[in-house]
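One structure is given below, encoded as structure tokens.
In full-length UniProt numbering, the protein residues as written are 1 to 84.
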């Protein structure tokens, strides 16, 4: 994400077994919107959105089944590998 002349990047996540890619973009967009509406920092927004997308790839269907709290807990724990 590029804001006010600064580039914000999220770390990559290792997803050993992608279950379903459908809905990944929606999960990312929803994560960005959540961060903007919550008045989060740009870095937090991109980290949350990227992790929301990674988590979505671990379940079937086009709906992200994870709560804000679950994603924030994974952000806090600093995980790089998504296991389900």
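Virtual Cβ for every residue (Gly too), placed ideally from N, Cα, C.
At what residues does the alpha helix (DSSP H) containing residue i begin and finish?
i, result
"residue 77", "68–77"
"residue 35", "24–37"
Taking Cβ to Cβ, would you say residue i is nearer than 8 Å to residue j?
i, j, result
"residue 46", "residue 1", "yes"
"residue 49", "residue 32", "yes"
Tell me the rounded alpha-carbon separation between residue i and residue j.
i, j, result
"residue 25", "residue 62", "10 Å"
"residue 42", "residue 28", "14 Å"
"residue 55", "residue 40", "20 Å"
"residue 10", "residue 78", "12 Å"
Tell me which same chain residues have a C-beta within less than 6 Å of the C-beta of residue i, skipping the five on either side of it?
i, result
"residue 8", "1, 42, 43 and 46"
"residue 53", "24, 27 and 28"
"residue 22", "62"
Which same chain residues, not among the five before or five after residue i, have their C-beta less than 7 Å away from its C-beta?
i, result
"residue 15", "54, 57, 58 and 82"
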